[in-house]
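Participant: Please see the structure below; I have some questions.
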Amino acid sequence: MSGDGGTGVPRALVWDMDGTLLDSGEVVPDAFVETVRRLGGATPSRAEVVELYALGPPRIMLSHLLQRPCTEEELDLYHHALADTAVGAVVYPGIRAALDALHGSVPLAVFTGASRRAARILLSATGLADHFDAVVGGDEVARQKPDPEGVLSACRHLGVSARDAVYAGDAPRDLLAARAAGARAAAAGWGHQYDPGAPADLTLLTPDDLLPLFGRPAGPAPL
1 MSGDGGTGVP
11 RALVWDMDGT
21 LLDSGEVVPD
31 AFVETVRRLG
41 GATPSRAEVV
51 ELYALGPPRI
61 MLSHLLQRPC
71 TEEELDLYHH
81 ALADTAVGAV
91 VYPGIRAALD
101 ALHGSVPLAV
111 FTGASRRAAR
121 ILLSATGLAD
131 HFDAVVGGDE
141 VARQKPDPEG
151 VLSACRHLGV
161 SARDAVYAGD
171 APRDLLAARA
181 AGARAAAAGW
191 GHQYDPGAPA
201 DLTLLTPDDL
211 LPLFGRPAGP
221 APL
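Position 194 of the sequence shown, counted from 1, bears residue number 194 in UniProt numbering, the numbering being contiguous throughout.
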C-alpha cells in the first residue's frame, strides 16, 4: 500500500464493483454483445463496451449501442443475458477474506455505475451479496461518476458522513468521485481500469491493504 490515506480510523467502506470486487471484464460486455446481437444492432467488441462504462447504467449504455432509446423489454433482455453470463464472474483474490474480516463491525456498501438490478445479479452469483449493508446503482442517481452523488448516497444509507468513509475503486472516475464527496479515495491496484497516475489518497496492492485502516491486521497475501 502507498500513500498515508489521511488520518483517523474511518467508520465505513464503500466499494466499486466491476474491476474492484469482481473481475467481470468478460461477463458484462458479453451480456451487452448478446443483447445487441439479438436486437439486430451493430455488435460491439468487449473493449468497446468497456469504454462505455463511464456513460452510466445499462439503460444509457444499451441506448448508445442501439443508437436509440431502449425499451423496458430490451433492458430486461440485457439483465436476463447478464444473469446467464454472471456465472463466469470471478471474485478478485483477497476480496472475500477482506470482506469477512470487516463484515459485522464496519458498515459496508457498494456504489456501482451498473444498475442496482445488475449489481444484485452479479453479487448474488458470486456469493458476495450478503456482505453488504447497502447497494446503490448508477440508475439510482441523477449524475454519474466522477460526480460525488453516488458515494454520498451510499454513505447516507450507511448512516455515516462521507468524510468518515473510504471509497475503493479501480477507475480514475471512482477516485475523483470519492474525493469530490470528501471520502478517502483508495485505488484498487489490481483492477483492470487502474491508472497509477490517478489522484488517489492511497493505493492498494491487495484488498488486505484496507484492513489496517480499520484497525485490523493485514492477512496473508492472496494466492
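Backbone N, C-alpha and C define an ideal beta-carbon position, used for all residues, glycine too.
Beta-carbon within less than 7 Å of threonine 85's beta-carbon, same chain only, minus the 5 sequence neighbours each way: which residues are those?
Facilitator: The answer, listed in chain order, is Val27, Asp30 and Ala31.
Participant: Please say whether valine 136 and alanine 109 have beta carbons closer to each other than 8 Å?
Facilitator: For alanine 109 and valine 136, yes; Cβs fall inside 8 Å.
Participant: Identify, in the order they occur along the chain, each residue of the same chain with its Cβ nearer than 7 Å to the Cβ of serine 63, setting aside the five sequence neighbours on each side.
Facilitator: For serine 63, where only same-chain residues beyond five positions count, the Cβ hits under 7 Å are Pro69 and Cys70.
Participant: By Cβ distance below 7 Å, which residues in the same chain neighbour proline 57 in space, the five residues on each side in sequence not counted?
Facilitator: Counting only Cβ-Cβ distances below 7 Å, and skipping sequence neighbours, we find Gly113, Ala114, Ser115, Gly137, Gly138 and Asp139.
Participant: Under 8 Å, do arginine 38 and leucine 77 count as touching if we go by C-beta distance?
Facilitator: In this structure, leucine 77 lies closer than 8 Å to arginine 38 by Cβ.
Participant: Cα separation between glutamine 67 and arginine 11?
Facilitator: Cα to Cα, glutamine 67 sits roughly 43 Å from arginine 11.
Participant: Can you tell me where the alpha helix (DSSP H) with valine 135 in it begins and where it stops?
Facilitator: No alpha helix (DSSP H) contains valine 135, which is instead part of the beta strand (DSSP E) from 134 to 136.
Participant: Just the C-alpha distance for alanine 218 and alanine 188, rounded to the nearest angstrom, thanks.
Facilitator: Whole-angstrom Cα-Cα distance: 16 Å.
Participant: Compute the distance between the beta-carbons of valine 36 and alanine 154, then report whether it is under 8 Å.
Facilitator: Against a cut-off of 8 Å, the Cβ pair of alanine 154 and valine 36 comes out as no contact.
Participant: Taking leucine 213 as the reference, which of Asp195, Ala185 and Pro196 has the closest Cα?
Facilitator: Of Asp195, Ala185 and Pro196, the residue nearest in Cα terms is Ala185.
Participant: Would the segment 141 to 151 count as touching the segment 193 to 202 if we require 3 or more Cβ pairs under 8 Å?
Facilitator: Segments in contact, no.
Participant: Buried or exposed: which applies to glutamate 73, given that a residue is buried once 16 or more other Cβ atoms fall within 10 Å of its Cβ?
Facilitator: Per the 10 Å Cβ criterion, exposed.
Participant: Across which residues does DSSP place residue 225 in a beta bridge pair?
Facilitator: Since the displayed the chain opens at 1 and closes at 223, residue 225 lies outside it and no answer follows.
Participant: How would you call glycine 25, buried or exposed, if buried means at least 16 neighbouring beta carbons within 10 angstroms?
Facilitator: Label assigned to glycine 25: buried.
Participant: Alpha carbon to alpha carbon, how far is lysine 145 from aspartate 174? Give it in angstroms, no decimals.
Facilitator: Rounded to whole angstroms, aspartate 174 to lysine 145 spans 6 Å at the Cα level.
Participant: Is aspartate 130 buried or exposed, if buried means 16 or more other CB atoms sit within 10 Å of its CB?
Facilitator: When all chains shown are included, aspartate 130 counts as exposed.
Participant: By how many angstroms is the C-alpha of alanine 42 removed from the C-alpha of phenylalanine 111?
Facilitator: Whole-angstrom Cα-Cα distance: 30 Å.
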